[in-house]
Amino acid sequence: MKRETKLGNIIIFIIVLFGSVIMIAPLLWMVSTAFKERSSVFALPPEWIPDPITLEPFRRLLEIDTLWSGIRNSLIVSFSVTIIGSFTSSLAAFSFAKLKLPYKDLVFLLLLGGIMIPYPSIMIPQFAIFSMIGWVDTLRPLIVPGLFGNIVMIFFLKQYLSNIPDSIVEAAKIDGAGYFQMFYRLIVPAIKPAIAAQFILWFMASWNDYLAPLLYLRSPERLTLQVVIANLNATYAIQTDYPLIMAASVVSLLPVLLIFIVFQKQIIENVALSGVKG
Amino acid sequence: MIESQASKLKKRSSVTLKRKSKLYKNEHRFALLFILPPVIGFLLFALTPLLISFYASFTNWNGLRQMNFVGLENYRRLLSDSYFWTTLGNTFYLMIGIPIGLTLSFLLALALNRRIVGRNTFRVIYYIPVVSSLAAISILWQWAYNGDFGLVNQALAYIGIDGPNWLQNTATIKPAIIIMTVWKGLGYSMLLYLAAIQSVPRTFYEAAELDGASPLQRLTYITWPMVRPVTFFLIVTNIIGGAQMFTEINIMTPTGGPMYSSATLVWYLWQQAFNYWRMGYASAMSVVLGILIFIITALQFHMNKKSSYKLD
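Residue numbers (my numbering), protein chains in the order written: chain V, 48 to 325; chain B, 123 to 434.
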């Protein structure tokens, strides 16, 4: 193993610390601005701790109706997609990993190849199809495709399942257990941590999605939160109402940051795993 | 216990082939049922639109009923569309951030692999931008780049530099966006590199040290080659992602920047498809994008195969 000198570690610590200041400063700036009065935004030199600290931007923000509908819509989309999608993905992973089916490996490779298809290459016909059946300006185009499962999640669950001996599944088969029963009694308990981690990652991705909601949603009260804050930005930047815009950004980041801080160990472990396996 | 029981039962069940085949048929049925949702999803929401996109690129589709076959007309128009070339060029230009980000994140991972104080805290801090929503981050940086009161110029003022109005200037707009994307993606690459570095067997380093290899030699001949799969994975995923850059551009520079200097291919495609309803034309662009991504990825796979590192 490399010999680590104390001096070397101190120098590296200082460099990494300097880097982490650059990483966190814009976010702290955002939080700080969200508690400022409109005039003190332009104070020179800049105030890192607002004087006075005011909740007024948040008060004004909470009076904006689209913020509330945005939060509601984002919750509806993210939860329905990830809950049902995780179920279908887990079932599919179980089948791909443990059940016998001719050509299933070929089918799996085909699905995996689908990751390479860029969304912009399919969004125009997808939009046309959904507008033909009258789904534009509803949440359905954002929800329905996700219900069919997520190949990335299937991939990782399948990897995880390969650590579980086939003989356990075989034994259950011989015992005459139904396949759904097998799934609930054997598979789900065994891969619960992996499902949870993938669920969290997917939830965050869904919550943060911007392109598809921008494409499909029109009415102000139907927008998801990310589009709502982007629109607030476009409207209020002209009035230089930065405290309000930053308050809105803070609100949109908060749920994901909370999830990240609570589950950081699982998230970091799972993402690290994805690189080693992928 | 369960396993021995299982093998006993398995032997018994294979006594009659007929019974086994019946068992398999049942298993096939359920296996198929379970994989059906993602397969249907893939066919409905990916493959079918992809094929329609391909067909539409040969038509003058306007999103409504008009969809007449026009042959290669759209592609011919692309060749002479200066906006197309500008946005394509911008898309590639903005990918400069990929090697920069990978280098920085590799160095960072090396640093955090050492026993320095607070390494777990650093790991979390560097990862926060990764989980943050791109929309909020773009809004934040748009303001940080404000010429008069933005955070970036105020920081530069401390060291006596009078910063430009980053997003209004054709010379600084692309570096500004590159800096932001590097900042956003650093933590992710760092995490993958860190995991890869930690999985290199210690015996390699011990052997190298015995042979008198210098730290730099150990880095270039052991660590870097051993993390090559991660480098490869990151290059491929970053290129696929970078080729589709849209959100940052649409939020930070809603008009594509001065003289289209920040407009990316997907941003231009979006304008053509959903502002001007030239869906046939936009489909042609999306086909070009898909083929580009495919070629670059295939090239990467080919190069990775050729230079793959073997331990013997």
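Where a beta carbon is used, it is the ideal one built from N, C-alpha and C, also for glycine.
C-beta atoms of residue i and residue j nearer than 8 Å
i                : j                : result
Ala144 (chain V) : Leu208 (chain V) : yes
Ala460 (chain B) : Asn196 (chain B) : This structure leaves residue 460 (chain B) out entirely; chain B is present only between 123 and 434.
Ala294 (chain V) : Pro104 (chain V) : yes
Phe164 (chain B) : Leu146 (chain V) : no
Thr292 (chain B) : Ser179 (chain B) : no
Gly193 (chain V) : Gly132 (chain V) : yes
Ile417 (chain B) : Glu370 (chain B) : no
Ile361 (chain B) : Met70 (chain V)  : no
Thr209 (chain B) : Trp389 (chain B) : yes
Ser137 (chain V) : Leu204 (chain V) : yes
Asn255 (chain V) : Ser255 (chain B) : yes
Tyr310 (chain B) : Val252 (chain B) : yes
Leu313 (chain B) : Ala365 (chain B) : no
Lys306 (chain B) : Tyr215 (chain B) : no
Val216 (chain V) : Ala81 (chain V)  : no
Ile238 (chain B) : Val68 (chain V)  : no
Ile373 (chain B) : Ala257 (chain B) : yes
Phe141 (chain V) : Phe230 (chain V) : yes
Pro160 (chain B) : Gly196 (chain V) : yes
Arg265 (chain V) : Asp184 (chain V) : yes
Ile344 (chain B) : Val322 (chain B) : yes
Tyr289 (chain V) : Val274 (chain V) : no
Thr303 (chain B) : Gly240 (chain B) : no
Ala329 (chain B) : Arg340 (chain B) : no
Nearest-angstrom beta carbon gap, residue j and residue i [assumed within contact, 8 Å]
i                : j                : result
Asn426 (chain B) : Phe368 (chain B) : Not really, about 28 Å apart at Cβ, beyond 8 Å.
Leu232 (chain B) : Ile319 (chain B) : 7 Å
Ile261 (chain B) : Ile276 (chain V) : 7 Å
Val124 (chain V) : Ile190 (chain V) : 6 Å
Gly253 (chain V) : Thr129 (chain V) : Inspection of the sequence shows that residue 253 (chain V) is occupied by Ser rather than by Gly. Contact flag correct, Cβ pair sits at about 6 Å.
Leu291 (chain V) : Tyr283 (chain V) : 5 Å
Ala168 (chain B) : Ile169 (chain V) : 6 Å
Thr386 (chain B) : Thr213 (chain B) : 5 Å
Residue i burial status per 10 Å Cβ neighbour count (16 or more: buried)
i                : result
Thr52 (chain V)  : exposed
Phe423 (chain B) : exposed
Thr377 (chain B) : exposed
Ser408 (chain B) : buried
Trp207 (chain B) : exposed
Gln173 (chain V) : buried
Phe244 (chain B) : buried
Phe66 (chain B)  : Given a span of 123 to 434 for chain B in the structure shown, any question on residue 66 (chain B) remains unanswerable.
Pro165 (chain V) : buried
Ala259 (chain V) : buried
Met123 (chain B) : Residue placement at Met123 (chain B) cannot be trusted, given a pLDDT of 45 that sits under 50; what the coordinates show is reported in the next sentence. Met123 (chain B) is exposed by the Cβ-count criterion.
Ile57 (chain V)  : exposed
Phe307 (chain V) : buried
Leu433 (chain B) : Any reading at Leu433 (chain B) must be qualified, since the residue scores a pLDDT of 46, below 50, and its modelled position is unreliable; the value itself is stated next. Answer is exposed; the Cβ neighbour count stays below 16.
Leu159 (chain V) : exposed
Asn148 (chain B) : exposed
Trp95 (chain V)  : exposed
Leu308 (chain B) : buried
Reference residue i; option with closest CA among the options
i                : options                                : result
Val235 (chain V) : V:Phe82, V:Ala175, V:Phe134            : V:Phe134
Ile59 (chain V)  : B:His150, B:Arg236, B:Pro347           : B:Arg236
Ser79 (chain V)  : V:Gly160, V:Ser67, V:Asp98             : V:Asp98
Gln313 (chain V) : V:Leu262, V:Ile242, V:Ala259, V:Tyr257 : V:Ile242
Ser299 (chain V) : V:Leu279, V:Gln286, V:Gln311, V:Asp288 : V:Leu279
Ile301 (chain B) : B:Pro221, B:Phe156, B:Tyr343           : B:Pro221
Ile285 (chain V) : B:Asn268, B:Pro160, B:Thr386, B:Leu158 : B:Asn268
Leu262 (chain V) : B:Thr181, B:Leu391, B:Leu278, B:Tyr343 : B:Leu391
Gln394 (chain B) : B:Ala266, B:Ile413, B:Ile344, B:Trp183 : B:Trp183
Thr181 (chain B) : B:Tyr403, B:Leu414, B:Thr294, B:Ile415 : B:Tyr403
Ile157 (chain B) : V:Leu148, V:Asn120, V:Gly66            : V:Leu148
Gln245 (chain V) : V:Thr101, V:Leu157, V:Arg85, V:Asn317  : V:Asn317
Ile315 (chain V) : B:Met217, B:Leu169, B:Ser202, B:Asn242 : B:Asn242
Ile238 (chain V) : V:Ser214, V:Gln206, V:Thr101, V:Glu268 : V:Gln206
Val88 (chain V)  : B:Pro380, B:Ala317, B:Gly272           : B:Gly272
Leu289 (chain B) : B:Ala279, B:Arg324, B:Gln264           : B:Gln264
Leu229 (chain B) : V:Val309, V:Leu304, V:Gly66            : V:Gly66
Leu186 (chain B) : B:Leu154, B:Leu308, B:Met401, B:Leu338 : B:Met401
Residue i: CB within 7 Å of a non-hydrogen atom of the ligand ADP
i                : result
Ile314 (chain V) : Absence of the ligand ADP is noted for the structure shown, with no ligands found whatsoever.
Handout entry: Members of the segment 239-252 of chain V near chain B, C-beta cut-off 7 Å
Key = Met251
Problem - Residues of the segment 146-170 of chain V whose Cβ lies closer than 9 Å to any Cβ of chain B, in chain order - result: Leu146, Lys147, Leu148, Pro149, Lys151, Val154, Phe155, Leu157, Leu158, Gly161, Ile162, Met163, Ile164, Pro165, Tyr166, Pro167, Ser168, Ile169, Met170
Handout entry: Contacting positions in the segment 131-142 of chain V - beta carbon closer than 8 Å to chain B
Key = Thr135, Ser136, Leu138, Ala139, Phe141, Ser142
Problem - the segment 182-206 of chain V: positions lying closer than 9 Å to chain B by Cβ - result: Val191, Pro192, Gly193, Leu194, Phe195, Gly196, Asn197, Ile198, Ile201
Handout entry: chain V contacts from the segment 395-420 of chain B (Cβ-Cβ distance under 8 Å)
Key = Ala395, Phe396, Met401, Ala404, Ser405, Ser408, Val409, Leu411, Gly412, Ile415, Phe416, Thr419
Problem - Where the segment 86-120 of chain V meets chain B: residues whose CB sits under 8 Å from a CB there - result: Val88, Phe89, Leu91, Pro92, Pro93
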